[in-house]
Amino acid sequence: MAQPAMPLWINSFEEDIDTYIFISSRDNKLYLGILRTYDQYGNVFLTHCVEKFILSDLRYFSDVYVGNLIIRGDNIAYFGTIDKDKYTQIFDYSKENINDDNLNVKNDMNNLNTLDNVTSDNIILHYKPIHHILNYMGDNNNDTPILEN
Numbered sequence: 841m842a843q844p845a846m847p848l849w850i851n852s853f854e855e856d857i858d859t860y861i862f863i864s865s866r867d868n869k870l871y872l873g874i875l876r877t878y879d880q881y882g883n884v885f886l887t888h889c890v891e892k893f894i895l896s897d898l899r900y901f902s903d904v905y906v907g908n909l910i911i912r913g914d915n916i917a918y919f920g921t922i923d924k925d926k927y928t929q930i931f932d933y934s935k936e937n938i939n940d941d942n943l944n945v946k947n948d949m950n951n952l953n954t955l956d957n958v959t960s961d962n963i964i965l966h967y968k969p970i971h972h973i974l975n976y977m978g979d980n981n982n983d984t985p986i987l988e989n
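Residue numbers (the numbering used here): 841 to 989.
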């Protein structure tokens, strides 16, 4: 019995081996890691992987280290390689954003009204510790796309 042909999108993984890629899963989780291998079903193995939590309306993000991760091919919504220059423009890891003194949910929600209209060219996300991000997840966890155009 002949094996079914691989979908064409799986072949694009070959050029991305040993590079950093973003993967968005069907349940709106976003992963960043080094692609080590894949198979004919689109299952992928990532190393040095982090799950990104992004609050785009507040322009905050946090990373949770996952380590090694296997993602089933049928759970991948989309994927892509990293443009390092664009990544460093968008994700701001500066220490001034990590200070726990900024942990003020009401103040951050008030600042939400003052944010300008952003485009993909000028958006900057500021790093916050995961416990800061989780304060918003109850109010802000409505399964919307992570980064909208």
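Ideal Cβ placement from N, Cα and C applies to all residues, glycine included.
Small disclaimer: the values here were computed from a predicted structure and weren't measured.
Quick check: what's the CA-CA separation for Leu886 versus Asp867?
Cα-Cα distance, rounded: 18 Å.
If you run the structure through DSSP and keep just helix, strand and coil, what is Tyr927?
Helix.
Spatial neighbours of Leu974 within its chain, please: CB distance less than 6 Å, with the 5 preceding and 5 following residues excluded, ordered by chain position.
Same-chain partners within the cutoff: there are none.
Pick helix, strand or coil for Gly882, following the three-state DSSP scheme.
In the structure shown, Gly882 sits in coil (DSSP, three-state: anything other than H, G, I, E or B).
Can you tell me which of Phe931, Arg899, Ile922 and Asp897 puts its alpha carbon nearest to the alpha carbon of Leu875?
Closest option to Leu875, Cα to Cα, is Ile922.
Give the straight-line distance between the Cα atoms of Arg912 and Leu898, rounded to the nearest whole angstrom.
Between Arg912 and Leu898, the C-alpha separation is close to 31 Å.
Mind checking Ser902: buried by the 16 CB within 10 Å criterion, or exposed?
Ser902 comes out buried.
What span of residues does the alpha helix (DSSP H) with Ile850 cover, start to end?
First-last of the alpha helix (DSSP H) with Ile850: Leu848 to Asn851.
Quick one: using the 10 Å Cβ neighbour count with 16 as the cut-off for buried, is His971 buried or exposed?
The residue is exposed, with fewer than 16 neighbouring Cβ atoms inside 10 Å.
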